[in-house]
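Chemist:
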Amino acid sequence: QVGDYKIIIRKNPMDYTDNWDTLKCEDLEINNPKWFWDKAQNINFTLKEDLEEYFSLLYYSDLCVNIPSSVTIEAAIMQLPVINLCFDQPGVDVINNGKVVDFWNASFNKAVKNNRIVYPAFSYTELVNCMRIILNKNEIDSLEYARKQFLGQILHYPVDELKDRSVSFILN
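In the working numbering, the protein residues as written are 198 to 369.
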């Protein structure tokens, strides 16, 4: 049950499948990123319109659920609680026949794990439990402190100013 929330699934910019279309319902929206991609030259980048939409989405969201990636850092900058999916989903392939948990265990994610700025979910049951904790505002204060410490260490910038400055930078 969604309750007072609207769920927005933002697809990976390189996901050109229709896997998500079967999930459509009244309280759910599928968001397709607007990126330029030249497959022949293997070049991709986000369009300005997409940057505005993406950061607006982060700004007004209550929660971000994603696989471990740079989105985790972007959501943390926007002061969003994050749940990292650490389990495979039917119909979603991981490159090189890998597993989603490989992203959680990857070296690029080490600082995120060590600083405990996200809730890892290793099953659907854990995902639901994490969502309940966050959306009921339980245990958020300790996670908020860890997030501020982590961002201060990696960005060397006053953490409390990041959200508004990030939005201003994107819009300007």
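Every residue, glycine too, gets a C-beta built ideally from N, C-alpha and C.
Check the C-beta distance from LEU282 over to ILE264 and give it rounded, since I have them as a contact under 8 Å.
Modeler: As a working mapping, residue 282 is identified with position 85 in the sequence shown. As a working mapping, residue 264 is identified with position 67 in the sequence shown. Rounded, the Cβ-Cβ distance is 5 Å, consistent with contact.
Chemist: Identify the residues that DSSP records as bridge partners of ALA318: which are they?
Modeler: Taking the first residue of the sequence shown as 1, we reach residue 318 at position 121. Answer is LEU282, bridged to ALA318.
Chemist: Between which two residues does the alpha helix (DSSP H) holding ASN239 run?
Modeler: By 1-based counting over the sequence shown, the position of residue 239 is 42. It is not in any alpha helix (DSSP H) - ASN239 carries neither H nor E in the DSSP assignment.
Chemist: Report the three-state DSSP secondary structure of VAL309 (helix, strand or coil).
Modeler: Taking the sequence shown and counting its residues from 1, the one referred to as residue 309 is at position 112. The answer is helix: DSSP assigns VAL309 an H, G or I state.
Chemist: How is GLN198 classed by DSSP in three states: helix, strand or coil?
Modeler: The residue you call residue 198 lines up with position 1 of the sequence shown. Its pLDDT being 47, under 50, GLN198 is placed unreliably in this model, and the value from its coordinates should be taken loosely. It is coil, neither helix nor strand.
Chemist: Measuring CB to CB, does LYS182 end up less than 8 Å from ILE227?
Modeler: Nothing can be reported for residue 182, as the shown portion of the chain is limited to 198 through 369.
Chemist: Work out the CA separation of GLY349 and ASN326 for me, nearest whole Å.
Modeler: If you number the sequence shown from 1, residue 326 lands on position 129. If you number the sequence shown from 1, residue 349 lands on position 152. When rounded, the distance between both Cα atoms is 29 Å.
Chemist: By DSSP's criteria, CYS261 is part of a beta bridge. Which residues make up the other side?
Modeler: Along the sequence shown, read from residue 1 onward, the residue named residue 261 stands at position 64. DSSP lists VAL279 as partners of CYS261.
Chemist: In terms of residues, what are the limits of the beta strand (DSSP E) holding GLU223?
Modeler: The sequence position of residue 223 within the sequence shown is 26, counting from 1. Note, GLU223: premise wrong, no beta strand (DSSP E); not H, not E.
Chemist: Exposed or buried, LEU352, counting other C-beta atoms within 10 Å across all chains shown (16 or more means buried)?
Modeler: Reading the sequence shown from its first residue, position 155 is the one you call residue 352. With fewer than 16 other Cβ atoms within 10 Å, it is exposed.
Chemist: Indicate the three-state DSSP secondary structure (helix, strand or coil) for ASN333 in the structure shown.
Modeler: Along the sequence shown, read from residue 1 onward, the residue named residue 333 stands at position 136. Coil at ASN333, not helix or strand.
Chemist: Report the rounded CA-to-CA distance for PRO230 versus VAL268, giving the unit in angstroms.
Modeler: Here residue 230 refers to the residue found at position 33 of the sequence shown. Here residue 268 refers to the residue found at position 71 of the sequence shown. Whole-angstrom Cα-Cα distance: 13 Å.
Chemist: Could you give the first and the last residue of the continuous alpha helix (DSSP H) run that contains ALA273?
Modeler: Walking along the sequence shown from the start, residue 273 turns up at place 76. Note, ALA273: alpha helix (DSSP H), 267-274.
Chemist: For PHE242 and ILE331, I'd like the C-alpha separation in whole angstroms.
Modeler: What you label residue 242 is simply residue 45 of the sequence shown in a count that begins at 1. What you label residue 331 is simply residue 134 of the sequence shown in a count that begins at 1. Cα-Cα distance, rounded: 32 Å.
Chemist: When the Cα atoms are used, what is the spatial distance from GLN198 to ASN333?
Modeler: Position 1 of the sequence shown, counting from 1, holds the residue named residue 198. Position 136 of the sequence shown, counting from 1, holds the residue named residue 333. Reliability fails at GLN198, whose pLDDT of 47 lies under 50, so the model's placement of it is uncertain and the value that follows must be treated cautiously. Approximately 14 Å, taken between the alpha carbons.
Chemist: Figure out for me which residue from SER320, LEU324, ARG329, ILE314 has the closest Cα to the Cα of ALA343.
Modeler: For the purposes of this step, residue 343 is identified with residue 146 of the sequence shown, where counting begins at 1. Nearest option by C-alpha distance: ILE314.
Chemist: What's the C-alpha gap between LYS203 and LEU254?
Modeler: Numbered from its first residue, the sequence shown carries residue 203 at position 6. Numbered from its first residue, the sequence shown carries residue 254 at position 57. When rounded, the distance between both Cα atoms is 12 Å.
Chemist: Under DSSP, the alpha helix (DSSP H) around ASN302 begins and ends at which residues?
Modeler: Counted from its first residue, the sequence shown places residue 302 at position 105. Looking at the DSSP string, the run of the alpha helix (DSSP H) that includes ASN302 is 298-302.
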